[in-house]
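What follows is a short report on a single structure.
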Amino acid sequence: MRDQSDDEHLRDSVDGRVGNDVDDSVGNGACVNDDGDNAYVDETYVGEAADVNNGLLEAKKSRVLKFTIGGFAAVMLLLMVASIHLSTLDVSFGSMVFGSKALWLGHCAGFRVAAYDPRGYDLVGPVAARMSLRDDSGVLLTVEGIGATVAELRIDVPDSLVGEAFLDVEVETPLGGDSLFIPVFGSGTPAPLKGSIASHLEVYARNAPPPKGPTRVALYPRGGQLVSGLENMVSARLVHEGKPLATSIDTDAFGIHTESDLSGVFHFPFTPMPPPAPLSFNIGGTDGISDERKIEIPLEVASAGVLLEVAPRGFAEPGGDLKINVRTLPFADNTVRLDVWAGGTLLLAASQSTEDRTLNMDIGLPADVDGFIRIEASRNLGDESSRSTQLLWVSKDPPAQAAQEALDALSNLAGTDPIIDAARAAEGEARVELTRMALTRYVPATSGAPVIASTLSSRTAAVDSRKSSLRFGLHSLFVLTVLLGLGLIVGWVIRHQINVKRGFRQVMEEGIAAGEDIDTAAMHRLARISHLYDLVLALAAVGLIAYGILMLMLRIRWEW
Numbered sequence: 001m002r003d004q005s006d007d008e009h010l011r012d013s014v015d016g017r018v019g020n021d022v023d024d025s026v027g028n029g030a031c032v033n034d035d036g037d038n039a040y041v042d043e044t045y046v047g048e049a050a051d052v053n054n055g056l057l058e059a060k061k062s063r064v065l066k067f068t069i070g071g072f073a074a075v076m077l078l079l080m081v082a083s084i085h086l087s088t089l090d091v092s093f094g095s096m097v098f099g100s101k102a103l104w105l106g107h108c109a110g111f112r113v114a115a116y117d118p119r120g121y122d123l124v125g126p127v128a129a130r131m132s133l134r135d136d137s138g139v140l141l142t143v144e145g146i147g148a149t150v151a152e153l154r155i156d157v158p159d160s161l162v163g164e165a166f167l168d169v170e171v172e173t174p175l176g177g178d179s180l181f182i183p184v185f186g187s188g189t190p191a192p193l194k195g196s197i198a199s200h201l202e203v204y205a206r207n208a209p210p211p212k213g214p215t216r217v218a219l220y221p222r223g224g225q226l227v228s229g230l231e232n233m234v235s236a237r238l239v240h241e242g243k244p245l246a247t248s249i250d251t252d253a254f255g256i257h258t259e260s261d262l263s264g265v266f267h268f269p270f271t272p273m274p275p276p277a278p279l280s281f282n283i284g285g286t287d288g289i290s291d292e293r294k295i296e297i298p299l300e301v302a303s304a305g306v307l308l309e310v311a312p313r314g315f316a317e318p319g320g321d322l323k324i325n326v327r328t329l330p331f332a333d334n335t336v337r338l339d340v341w342a343g344g345t346l347l348l349a350a351s352q353s354t355e356d357r358t359l360n361m362d363i364g365l366p367a368d369v370d371g372f373i374r375i376e377a378s379r380n381l382g383d384e385s386s387r388s389t390q391l392l393w394v395s396k397d398p399p400a401q402a403a404q405e406a407l408d409a410l411s412n413l414a415g416t417d418p419i420i421d422a423a424r425a426a427e428g429e430a431r432v433e434l435t436r437m438a439l440t441r442y443v444p445a446t447s448g449a450p451v452i453a454s455t456l457s458s459r460t461a462a463v464d465s466r467k468s469s470l471r472f473g474l475h476s477l478f479v480l481t482v483l484l485g486l487g488l489i490v491g492w493v494i495r496h497q498i499n500v501k502r503g504f505r506q507v508m509e510e511g512i513a514a515g516e517d518i519d520t521a522a523m524h525r526l527a528r529i530s531h532l533y534d535l536v537l538a539l540a541a542v543g544l545i546a547y548g549i550l551m552l553m554l555r556i557r558w559e560w
């Protein structure tokens, strides 16, 4: 039998071990259950609590990763959209002023102001313009104008204007405002006429062989060119072996029945239609030519759609009136623009809508004008073919003397035509008529009023500079985002590998603890599949980054 002291010693020993175990368990975060008599540690609860904490941590990391990936994708999308919009950014419009910088003192000067939209290749309207003429003494005068697409202005140049002056132009359009600063200069005489003399062979069809044979017909349309669809008045000269020929001329196809005079000159109306058929003439017999001869001329026809006629033809007197007749083909826009030039100085820029495709108006010439007056009718601005030009010589001298003055002035221009030498050799009324025909061969240096100032190039350069600056910043942010995305991918791959390894280790430990056999080959196979999955994701990410960098290097410029 054991005595009482042995029992007490055994109870103290057990109590001590239990107390130590409980203390250790509590200290390690275990749960202690005390029913008053017995105490134990719930280790199952400890494991579940750890799993819950790990799950919460993983869920938090997963949310952070998803938000990061979403933010990266959003930034990339924003950068792509910004690149597309930046590539399509362009100047909204540019202002242009048409006219001449040479001002004739004491006379009027005409100008046109327009705003051009390079995106739609069209004029912006309505347009309002305010123009001020100033010199060193200050503002001399101010005029204003408004138009559907073009504002036409006219200023009266004061006699007191000396030396260099300036035109300050303010433009208002629905797309915004603009301003121009134009240096001009005043002169006591108009600027000299610029242009050239074109050969009458320009009326022939392109690539047509030159005329051959002793008998020839040279055509001189009064509008300078044959305009299809409209009746053209044509002057012509018939020569045989270089000498004028007076005989009968007819053609049944076009209803021409006329005779040439002693200068070989004859006139006829002609309405060419596209494609133009060759113009055939039957030349009657004379004392020098016993039988009829046929001459065929292949024609070059212009599709200008507008034809100008001026009376009197070829010559006018200072202070006289000119009767203007303009005929057009039917167009949706029936506006005709008319320019009146004294030499190389624009005196008048006007426009008017035609009624029944015909415009008639009178223009008074200055009393002190002496020299060339050029009148031009057109349907469009700029250097286009839809124009018709008439050149006149203004002089107070008798017609024959005025004709000689005009021929001398024409000789200062580039180019020539046989009609000029024929006019010099003729006398009296014959010289006057041949000089009228020579004036029709004038070709202006610029078709229409030239642009003397424009903000389109400067505004385009400013927009391009701004686009370059924005593009540099955008591309820098793009590169930074790509690098951050690459770092994010690398971090995600590393983290995924760590999670996979932790999962494999946990599965193996649980299997070993349960006494199960572990298929190591299957575990390695799963690991390889996981690595292959990570490799595919990494390659896809690198491919997207490479594509983005390629687009960046190509400086994305998408247009539609």
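Anchor point for the sequence shown: position 86 equals 86 in my numbering, and the numbering is continuous, going up by one each time. Beta carbons are placed, not taken as given, at the ideal position from N, Cα and C, and that holds for glycine.
#1: According to DSSP, what are the bridge partners of Met-96?
#2: Less than 9 Å separating the beta-carbons of Leu-348 and Leu-338?
#3: What is the rounded straight-line gap between the Cα of Ala-438 and the Cα of Leu-391?
#4: Considering Cα atoms alone, identify which of Asp-397, Arg-357, Val-336, Trp-492 is closest to Pro-318.
#5: Sorted by chain position, which residues of the same chain lie with C-beta nearer than 6 Å to Asn-360's C-beta, five sequence neighbours on each side aside?
#6: In whole angstroms, what separates the C-alpha of Leu-133 from that of Lys-467?
#7: Examine the Cβ distances between the stretch 349-358 and the stretch 401-415 and report whether three or more of them are shorter than 8 Å.
#8: In the DSSP assignment, what residue or residues form a beta bridge with Leu-153?
#9: Comparing alpha-carbon positions, which option in Thr-416, Ile-295, Ala-115 lies nearest Lys-212?
#10: Excluding the 5 residues preceding and the 5 following Tyr-100 in the sequence, name in chain order all residues of the same chain whose CB lies nearer than 6 Å to its CB.
#11: Once DSSP output is grouped into helix, strand and coil, what is the label at Gln-390?
#12: Under three-state DSSP, which class holds Ser-351?
#13: If you draw a straight line from the alpha carbon of Glu-509 to that of Gly-491, how long is it in whole angstroms?
#14: At a cut-off of 8 Å, would you count Ala-236 as near the ligand FAD, judging by its Cβ distance to the nearest heavy atom?
#15: Spatial neighbours of Leu-381 within its chain, please: C-beta separation below 6 Å, excluding the five flanking residues on both sides.
#16: If you follow the beta strand (DSSP E) that Arg-337 is part of, which residue opens it and which one closes it?
#17: Could you check which residue in Val-336, Thr-215, Val-113, Asp-90 has the C-alpha nearest to that of Ser-457?
#18: Write down the C-beta distance between Pro-574 and Ala-208 rounded to the nearest angstrom, noting that I regard them as a contact closer than 8 Å.
#19: Do the CB positions of Ser-95 and Ala-73 come within less than 9 Å of each other?
#20: Please work out which residues of its chain come closer than 7 Å, Cβ to Cβ, to Thr-173, disregarding the five sequence neighbours upstream and downstream, and give them in chain order.
#21: How should Leu-562 be labelled, buried or exposed, when 16 other C-beta atoms within 10 angstroms of its C-beta is the threshold for buried?
#22: How would you write the range of the alpha helix (DSSP H) that Thr-435 sits in, first residue to last?
#23: Taking the continuous alpha helix (DSSP H) assigned at Arg-424, which residues delimit it?
#24: Spatial neighbours of Asn-28 within its chain, please: CB distance less than 7 Å, with the 5 preceding and 5 following residues excluded, ordered by chain position.
#25: Go through its chain and collect everything with a Cβ distance to Gly-320's Cβ below 6 Å, but skip five positions before and after it.
#26: Let me know the secondary structure DSSP gives Lys-467 once reduced to three states.
#27: If you draw a straight line from the alpha carbon of Ser-199 to that of Thr-247, how long is it in whole angstroms?
#28: Tell me whether the beta-carbon of Ser-235 lies closer than 9 Å to the beta-carbon of Val-265.
#29: Can you say whether Ala-525 is buried or exposed, counting buried as having 16 or more other CB atoms within 10 angstroms of its CB?
For this structure:
#1: To locate residue 96, count along the sequence shown from 1; it is residue 96. In DSSP, Met-96 forms a bridge with Ala-114, Ser-454.
#2: Locating residue 348 in the sequence shown gives position 348, counting from the first residue. Locating residue 338 in the sequence shown gives position 338, counting from the first residue. In contact: Leu-348 and Leu-338 (Cβ atoms closer than 9 Å).
#3: Numbered from 1 along the sequence shown, position 438 holds the residue referred to as residue 438. Numbered from 1 along the sequence shown, position 391 holds the residue referred to as residue 391. Straight-line Cα distance between these residues: approximately 10 Å.
#4: Translated into the one-based positions of the sequence shown, residue 318 becomes position 318. Taking only the C-alpha atoms, the option nearest Pro-318 is Asp-397.
#5: Start at 1 with the first residue of the sequence shown, and residue 360 comes out as number 360. Contacts found: Asn-325.
#6: Start at 1 with the first residue of the sequence shown, and residue 133 comes out as number 133. Start at 1 with the first residue of the sequence shown, and residue 467 comes out as number 467. Whole-angstrom Cα-Cα distance: 36 Å.
#7: no
#8: Along the sequence shown, read from residue 1 onward, the residue named residue 153 stands at position 153. Leu-153 is bridged to Phe-111.
#9: For the purposes of this step, residue 212 is identified with residue 212 of the sequence shown, where counting begins at 1. Among Thr-416, Ile-295, Ala-115, the Cα nearest to that of Lys-212 belongs to Ile-295.
#10: Taking the sequence shown and counting its residues from 1, the one referred to as residue 100 is at position 100. The question names Tyr, yet the displayed sequence has Ser at residue 100. Taking C-beta separations shorter than 6 Å and ignoring five residues to either side along the sequence, the partners of Ser-100 in its chain run Thr-345, Leu-346, following chain order.
#11: Residue 390 sits at position 390 when you count from the first residue of the sequence shown. Of the three classes helix, strand and coil, the one that applies to Gln-390 here is strand, per DSSP.
#12: Here residue 351 corresponds to residue number 351 of the sequence shown, with the count starting at 1. In the structure shown, Ser-351 sits in a strand (DSSP, three-state: E or B).
#13: Position 509 of the sequence shown, counting from 1, holds the residue named residue 509. Position 491 of the sequence shown, counting from 1, holds the residue named residue 491. Spanning the two alpha carbons is a distance of roughly 27 Å.
#14: Within the structure as shown, the ligand FAD is missing, as the structure has no ligands at all.
#15: Counting from one through the sequence shown, the residue named residue 381 turns up at place 381. Hits under 6 Å: none found.
#16: Working through the sequence shown from its first residue, we reach residue 337 at position 337. Its beta strand (DSSP E) spans residues 335-342.
#17: Counted from its first residue, the sequence shown places residue 457 at position 457. Of the listed residues, the one whose Cα sits closest to Ser-457 is Asp-90.
#18: A query on residue 574 cannot be resolved here, the shown segment of the chain reaching from 1 to 560 and no further.
#19: Position 95 of the sequence shown, counted from the start, is the residue given in the question as residue 95. Position 73 of the sequence shown, counted from the start, is the residue given in the question as residue 73. For Ser-95 and Ala-73, no; Cβs fall outside 9 Å.
#20: Translated into positions along the sequence shown, residue 173 becomes position 173. If we look at Thr-173 and ignore the five residues flanking it on each side, its Cβ neighbours are Phe-93, Ala-115, Val-124, Val-127.
#21: A query on residue 562 cannot be resolved here, the shown segment of the chain reaching from 1 to 560 and no further.
#22: For the purposes of this step, residue 435 is taken as the residue at position 435 of the sequence shown. It spans 428-439 - the alpha helix (DSSP H) in which Thr-435 sits, taken as one unbroken run.
#23: If you number the sequence shown from 1, residue 424 lands on position 424. Start and end: 418-425.
#24: To locate residue 28, count along the sequence shown from 1; it is residue 28. Note that Asn-28 has pLDDT 42, beneath the 50 cutoff, so the model's placement of it is unreliable and no number is given.
#25: The count along the sequence shown starts at 1 and reaches residue 320 at position 320. So the qualifying residues of the chain are Leu-365.
#26: Counting from one through the sequence shown, the residue named residue 467 turns up at place 467. Helix.
#27: If you number the sequence shown from 1, residue 199 lands on position 199. If you number the sequence shown from 1, residue 247 lands on position 247. Going from the Cα of Ser-199 to the Cα of Thr-247 covers about 25 Å.
#28: Translated into the one-based positions of the sequence shown, residue 235 becomes position 235. Translated into the one-based positions of the sequence shown, residue 265 becomes position 265. Yes.
#29: As a first step, residue 525 is located in the sequence shown; it is residue number 525 there, counting from the start. The residue you asked about is not Ala; residue 525 is Arg in the sequence shown. With fewer than 16 other Cβ atoms within 10 Å, it is exposed.
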